[in-house]
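What follows is one structure encoded as structure tokens, with my remarks underneath.
Numbering (my numbering), first residue to last: 244 to 478.
Written out as structure tokens, the structure reads:
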């Protein structure tokens with residue numbers, strides 16, 4: 244398992260592939276399948292993967308022993324504003340399964356249990372790094388103060404203050420790079436090679452690409468939008 248700050252060097256200047264189910268109806272919702280999707284990203288040159296759940300982390304770790312893995316767990320059932328790895332127990336399970344980095348949301352609003360700092364401490368005590376999923380500079384600053392080793396723009400466009408903002412959030416990435424010493428990971432809304440290049444041009448340490456490469460239903464929907472007919476329609 245890759246651990247400690249060497250992960251930051253491994254992903255520097257590269258693409259991390261996010262392999263997650265975006266549609267709850269997807270037949271791909273299986274740890275083995277999602278791990279294999281991540282592996283196909285590695286075949287294409289990805290330097291790491293972002294996956295959800297300890298089962299998928301463990302499956303991918305068994306297949307790719309040296310791969311940097313950014314691990315998360317999502318909890319929508321609590322109804323809180325922060326739902327990405329909001330519990331210390333989940334963070335610990337992700338590291339124990341083989342996660343190199345645990346991504347933890349740190350945006351304004353409610354949390355179901357422990358603070359970001361408490362979760363970060365638990366992750367560090369197990370030898371892994373913490374990525375803060377944020378939407379604003381203030382949230383990023385607070386996360387770095389509380390133990391984040393890197394910050395990601397994952398939540399931009401999903402919070403009240405940022406809804407409707409252009410993604411990828413190039414202005415925010417540049418702002419974060421200028422204000423923080425922690426590496427900035429560009430995540431959210433990257434659909435083209437031009438998006439990737441633009442994020443690196445404003446100083447991103449690495450980029451995360453997900454739906455554009457591992458969500459077939461979204462990829463196909465973009466193509467179908469240009470067609471005169473879509474599946475399910477009758478003539």
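The beta carbon of each residue, even a glycine, is placed where N, CA and C say it ideally should be.
Item                                                                                                        : Value
Pairwise C-alpha distance: residue 374 and residue 185                                                      : For residue 185 there is no data in the structure shown, the boundaries of the chain being 244 and 478.
Bounding residues of the alpha helix (DSSP H) (the contiguous stretch that carries residue 398)             : Run containing residue 398: none; DSSP gives neither H nor E here.
Test item: CB-CB of residue 257 and residue 457 under 8 Å                                                   : no
Residue 304 versus residue 290 - alpha carbon distance                                                      : 14 Å
Ranges of the beta strand (DSSP E) found wholly within the region 370-433, counting only runs of at least 3 : 372-376, 393-395, 427-430
Check whether residue 382 and residue 353 have beta carbons under 8 Å apart                                 : no
Residues near residue 319 in its chain [Cβ-Cβ closer than 8 Å; skip 5 each side]                            : 326
Whole beta strand (DSSP E) elements within the region 303-346, 3-residue minimum                            : 312-315
Per DSSP, the bridge partner or partners of residue 348                                                     : 376
With 16 other Cβ atoms within 10 Å as the buried cut-off, status of residue 337                             : buried
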